[in-house]
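Shown next, in structure tokens, is the structure this report addresses.
Protein chains in written order, with the working numbering: chain C, 1 to 594; chain L, 1 to 151.
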């Protein structure tokens, strides 16, 4: 009996003990579920199940008009350190390996790895490097270096890199390097586009980021939606023509020892930019130095649309176009050049300070006579119509080209408080007025295109997930009559043959005008340096291209006819082949140049 | 009949134990079958989820690889590279004076380049797993009952 009672007591004690434990568990469960720390436990549990992630779509691709890939995406890797996994050995080894692989100062890496980040609340850091021009930048590894480090991480006999993590990040890649770099613009490490096409179409190219809940638990895994992708762009740029323009410009810069330059090629019929070359060339893969430069001179990154200058004699095309369109002059009208004319009390002289005697309007353009053009603007056309025409040509206004960073140029009209009558005389031959290359070529395209001025643009097609969109040409205006446009084109073709044989091509009739502009400074015009330029188009019977060549501060010769006209010739000789333009048999070979 | 059964159980009480043990075992087996089914479904679910995660990772890798290859192709076919290669083979850029134009009847120039649609589009619907992997047994019973009711 005793032993049975003892056994019962033992069982009862065990059951009580188990009940106490079970009760404790129940109390703890209630505390975890509903107690004051319930949200903390809940958050911890959720953190273990997955995480919220911001997913960014791949940036849209950029092609030239024939499908040559101009901008694509690559993968680079940030070097991140999970500080809680670091130990003394891995600190040393990580610094040593990175220092040797990337040729970085060891001290700098050791300093980052030994700093007490955890005390500042940071558990993970991204390693950076010092750039002498920009400051501190995150270290980014290309896939080759990243794969070496991954091999180290996987190999137990390799250096201990505990705590090191390689985080992939999308990076913009420009396979053609400097080709069309100024047109494309740049994309920073955060994936934001600036300048050029990248800047103008940044929102479209970038697509839309979305937030997704990533689960670490396979049973909860589900297909996540892709973020809305960025659009792909097809440019009007022709990579072959762009290459041709850049080579011709590079050779001209070298031979003339010019400081900078641009070559713009446009189809005057629809405003498509076929090439926009600029020197110094910009490689968007290595844009950091340009950002520093942009702080002083932003125009340097997109000079084609931002580098304004006084155009000099190429501007005479617009003055003569206005005079012809208004009926103020005819090509055969004769002007007797005495070598000087006074406008608003300021004497205006020719480029050679000479008197050229009786000249027709063709002769005025052929010999680029400042006195004649000042006479035409001030006495035949007069101020109000002259400035009205310039406004119609878009001088002093944005063209609206789809490139970020365009500036408007400067034109003082009689309504401007600082305008004086002498401005009328100097503006007539391109002094005292500032234009950008794109502005000048757009205005002149009206003459090449029978009086209609089409808005310049660089994007030909937009391919989005919803479909494809092709922008239509936009006519900005018709500043001159078709008759005036035809007459002036013929005048410039004749004058070009007389002015310089350096810009003519056998079998093709071309129209054009040279320009040699002084550079204004704080103390008047620079006595030494000029901007040499050439503006021309062809074939005269049906213009398919218009070309602007600009060379800043050439050393070998200041004249546009000597340094810029040959660049036009070099470009057009190849351009007619690339555009498949057959020669015109009706053009007399001797008269056409050669 | 009932009387005979009662008498048989009274004469051999072990029959009671055997009956209750049998009932308990039956319940246990049923529970085990259910647990086994639950485990099998969850196992398949976990397997499918694991495969999904792996495929997502593989897809990301392939997309990355595609862009790298496209980029390398673009590097190799850039106008500068092609010009270099052509020059090394003795060619030079054709100028107007080197070119003879021949009129070919019926010639049509190549069609303009059309850009491909961006990668990763259009947007895919979320929740790609079948309900068979995600619904509970109770939900399945309810769904089945509703299906039967609805005909």
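Ideal Cβ placement from N, Cα and C applies to all residues, glycine included.
Quick caveat, the model's predicted, so the values are computed rather than measured.
For residue 266/C, the enclosing beta strand (DSSP E) has its first and last residue at 260-267. When C-alpha distances from residue 405/C are compared across 195/C, 370/C, 85/C and 367/C, the shortest belongs to 195/C.
One finds nothing in chain C with a Cβ atom closer than 8 Å to the Cβ of residue 104/L; even the nearest lies about 12 Å away.
Taking a Cβ-Cβ cut-off of 7 Å, residue 92/L has no neighbours in chain C, whose nearest Cβ is about 11 Å from it. If you compare the alpha carbons of 121/C, 174/C, 151/C and 371/C with that of residue 166/C, the shortest gap goes to 151/C. DSSP, read as helix, strand or coil, puts residue 545/C in strand. Annotation for residue 303/C: the continuous alpha helix (DSSP H) segment containing it runs 303-306. In this structure, residue 317/C sits near residue 492/C, with a CB-CB distance shorter than 8 Å.
In the structure shown, residue 247/C falls within a helical segment according to DSSP collapsed to helix, strand and coil. Rounded to whole angstroms, residue 402/C and residue 272/C show a C-alpha spacing of 11 Å.
Taking 7 Å as the cut-off between beta carbons, none of the residues of the region 264-289 of chain C comes near chain L.
Closer than 8 Å to the CB of residue 13/L there is not a single CB belonging to chain C. By the CB criterion at 8 Å, residue 567/C and residue 263/C fall inside the cutoff.
Take the alpha-carbon of residue 21/L and the one of residue 27/L: they are about 10 Å apart.
Around residue 573/C, the beta-carbon contacts reaching into chain L at under 7 Å are 95 and 96. Taking C-beta atoms as the reference points, residue 57/C and residue 226/C count as a pair closer than 8 Å. Collapsing the DSSP output to three states places residue 293/C in a helix. Boundaries cannot be given for residue 416/C, as no beta strand (DSSP E) includes it and DSSP labels it neither H nor E.
The Cβ of residue 113/L sits closer than 8 Å to at least one Cβ of chain C. In the same chain as residue 277/C, and ignoring 5 residues on each side of it, the C-beta atoms closer than 7 Å to its own belong to 242, 245, 246, 249, 262 and 263, in chain order. Rounded to the nearest whole angstrom, the C-alpha separation of residue 464/C and residue 564/C is 41 Å.
The three-state reading of DSSP puts residue 322/C in helix, counting H, G and I together. In this structure, DSSP gives residue 478/C a state outside helix and strand, which the three-state scheme calls coil.
Annotated as proximal: residue 129/C and residue 139/C, with beta-carbon spacing under 8 Å.
Counting only Cβ-Cβ distances below 8 Å, residue 67/L has contacts in chain C at 58, 72, 73, 74 and 75, in chain order. Along the length of the region 424-505 of chain C, whole beta strand (DSSP E) runs at least 3 residues long occupy 459-464, 467-469 and 475-477, reported in chain order.
Residues of the region 220-234 of chain C with a Cβ closer than 8 Å to any Cβ of chain L, in chain order: 220, 221, 222, 223, 224, 225, 226, 227, 228, 229, 230, 231, 232, 233 and 234.
The beta carbon of residue 484/C sits no closer than 8 Å to any beta carbon of chain L. The C-beta of residue 88/L comes no closer than 8 Å to any C-beta of chain C. For a cut-off of 8 Å, the C-beta gap from residue 230/C to residue 205/C is around 5 Å, short enough to register as a contact. Residue 278/C: member of the beta strand (DSSP E) spanning 272-279, first to last residue. Using beta-carbon distances, residue 84/L does not count as an interface residue toward chain C, since no partner is under 8 Å. Taking 8 Å as the cut-off, the beta carbon of residue 54/C is found closer than this to the beta carbon of residue 211/C.
In this structure, the CA atom of residue 27/C is about 10 Å from the CA atom of residue 21/C. Listed by position along chain C, the residues whose Cβ is nearer than 8 Å to that of residue 50/L are 218 and 221. Listed in chain order, the alpha helix (DSSP H) elements of length 4 or more contained wholly in the region 34-67 of chain C are 38-49.
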